[in-house]
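For the sequence shown, counting from 1, position 187 maps to 187 in this note's numbering; every step adds exactly one.
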Amino acid sequence: MRATLPLLLGTDFPPLARRRLETLQVNLGYACNQTCLHCHVNAGPTRTESMAPETVAQVLEFLAASGARTLDLTGGAPELNPHFRDLVRRARTLGARVIDRCNLTILEEPGQEDLARFLAAQGVEIVASLPCYTEELVDRQRGKGVYEKSIRAIRRLNELGYGREGSGLVLNLVYNPQGPTLPPAQARLEADYKRILGEAFGIAFNALFTIANMPIQRFGSTLVTKGQFNAYMQLLRGAHRDENLDTVMCRTLVSVDWRGYLHDCDFNQMLGLPLRVAGKARPHLKDVLGRDLEGNPIVVRDHCYGCTAGQGSSCGGALAG
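This is the structure we're talking about:
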């Protein structure tokens with residue numbers, strides 16, 4: 001796989017500083033039951049990285065001390081970490097809002113038969129990737145049979161109340177473009193998703209998040225191989241909007257890797273760019289316990305244009321209407 005960080009180092013992206021911490025986003029490991037073309041983590045079935053129990057304990061200690069109200073769990077497939085459920089239970093006991101970034105097909109994996117009921121019982125918010133509403137395009141991007149499994153998973157979640165009005169169980173779907181293009185307008189695409197999936201399968205969900213593909217890891221390497229990297233970067237740069245700078249996710253989020261080291265966002269984590277903390281070249285959870293990070297400079301590189309291009313892009317979808 002071709003490294004993209006050397007292509008991103010020289011940047012004129014505007015400087016950013018942190019605000020009050022709201023979200024602790026934790027990568028529980030890179031193991032996944034899928035291998036998706038757009039994956040910026042390069043996750044897959046052969047990856048073995050997994051957060052250890054002592055690091056999980058440090059996550060909970062930091063969560064309690066930091067005042068962050070949201071624990072955002074990602075991977076890989078975060079549910080494959082053997083400590084996933086204990087982490088969820090304990091975070092909910094602390095009163096934290098818990099988000100599970102779920103690939104949907106994990107609900108059908110051996111040993112995960114009761115996962116959907118567990119998530120519902122804990123009131124976990126699900127953010128699930130479904131990069132299109134057609135079978136052909138989903139299977140092209142995520143693997144043969146993924147669309148059918150994903151639809152079954154959503155219907156199962158709907159039966160438990162997810163995505164249903166008044167249930168309190170939130171199910172949001174995620175769209176990624178198929179290639180080096182910007183996502184379409186989020187509101188319009190959400191309406192299409194709800195209409196088409198509702199008519200075909202009776203599916204309901206709360207909101208659709210449109211997220212731009214980042215020119216890093218597997219997707220970035222593919223761009224380099226196809227000779228499309230520079231053109232995609234020009235697209236992102238040309239579509240940059242200053243008004244998106246105010247709401248980029250890195251201002252209020254800290255990303256934790258599977259070993260407990262800290263980064264400004266999940267994308268910086270994948271590029272090996274650590275959070276800037278005075279006196280620490282590579283800060284760990286234990287190094288910043290009880291420390292106020294507000295005002296710290298955010299590490300930026302050229303890939304950051306992926307978050308400010310067009311309507312903007314974050315883990316919560318578009319930044320602007």
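We treat Cβ as the ideally placed atom computed from N, Cα and C, and that holds for glycine.
- Message: So, at 7 angstroms on beta carbons, what are the nonlocal neighbours of Leu289 in its own chain, with the 5 sequence-adjacent residues on each side left out?
- Response: In the sequence shown, counting from the first residue as 1, residue 289 sits at position 289. Contacts found: Glu61, Phe62 and Ala65.
- Report, in whole angstroms, the separation of the C-beta atoms of Phe209 and Arg155, which I expect to be a contact under 8 angstroms. Working through the sequence shown from its first residue, we reach residue 209 at position 209. Working through the sequence shown from its first residue, we reach residue 155 at position 155. Wrong, their Cβ atoms sit about 20 angstroms apart, outside the cutoff.
- Whether Ile151 touches Leu119 by CB criterion (9 angstroms): Locating residue 151 in the sequence shown gives position 151, counting from the first residue. Locating residue 119 in the sequence shown gives position 119, counting from the first residue. In this structure, Leu119 does not lie closer than 9 angstroms to Ile151 by Cβ.
- Query: Quick one: what's Tyr261 bridged to in DSSP?
  - Reply: Residue mapping note: residue 261 aligns to position 261 of the sequence shown, counting from 1. According to DSSP, which records beta bridges pairwise, Tyr261 is partnered with His284.
- Query: According to the Cβ coordinates, are Val254 and Leu275 closer than 9 angstroms?
  - Reply: Counting from 1 along the sequence shown, the entry for residue 254 is found at position 254. Counting from 1 along the sequence shown, the entry for residue 275 is found at position 275. Going by C-beta atoms, Val254 is nearer than 9 angstroms to Leu275.
- Query: Tell me which same chain residues have a C-beta within less than 8 angstroms of the C-beta of Tyr112, skipping the five on either side of it?
  - Reply: Numbered from 1 along the sequence shown, position 112 holds the residue referred to as residue 112. According to the sequence displayed, residue 112 carries Gln and not Tyr. Hits under 8 angstroms: Glu79 and Ile106.
- Query: Three-state secondary structure (DSSP) at Glu113?
  - Reply: Locating residue 113 in the sequence shown gives position 113, where the first residue counts as 1. Coil.
- Query: So what's Pro6 in DSSP terms, helix, strand or just coil?
  - Reply: On the sequence shown, residue 6 is found 6 positions in, with the first residue counted as 1. Correct three-state label for Pro6: helix.
- Task: Measure the alpha-carbon distance for Glu159 versus Val146 and round it to whole angstroms.
- Result: Counting from 1 along the sequence shown, the entry for residue 159 is found at position 159. Counting from 1 along the sequence shown, the entry for residue 146 is found at position 146. If you take the alpha carbons of Glu159 and Val146, they lie about 20 angstroms apart.
- Task: Would you please state the rounded distance, in angstroms, between the beta carbons of Thr74 and Asp266? I believe it to be under 8 angstroms.
- Result: Numbered from 1 along the sequence shown, position 74 holds the residue referred to as residue 74. Numbered from 1 along the sequence shown, position 266 holds the residue referred to as residue 266. Taking C-beta atoms under 8 angstroms as the contact rule, Thr74 and Asp266 qualify, at a distance of about 7 angstroms.
- Item | Coarse secondary structure for Gly220, derived from DSSP in three states | Here residue 220 corresponds to residue number 220 of the sequence shown, with the count starting at 1. If DSSP states are grouped into helix, strand and coil, Gly220 belongs with the helices.
- Among residues of its own chain, excluding the 5 on either side of Glu148, which ones have a beta-carbon nearer than 8 angstroms to its beta-carbon? Looking up residue 148 in the sequence shown gives position 148. Excluding residues within five positions, the ones whose Cβ falls inside 8 angstroms are Glu135.
- Item | Nearest candidate by alpha-carbon position, reference Ala128, set Glu49, Ala204, Gln234 and Ala320 | Reading the sequence shown from its first residue, position 128 is the one you call residue 128. From the listed residues Glu49, Ala204, Gln234 and Ala320, the smallest Cα separation to Ala128 is found for Ala204.
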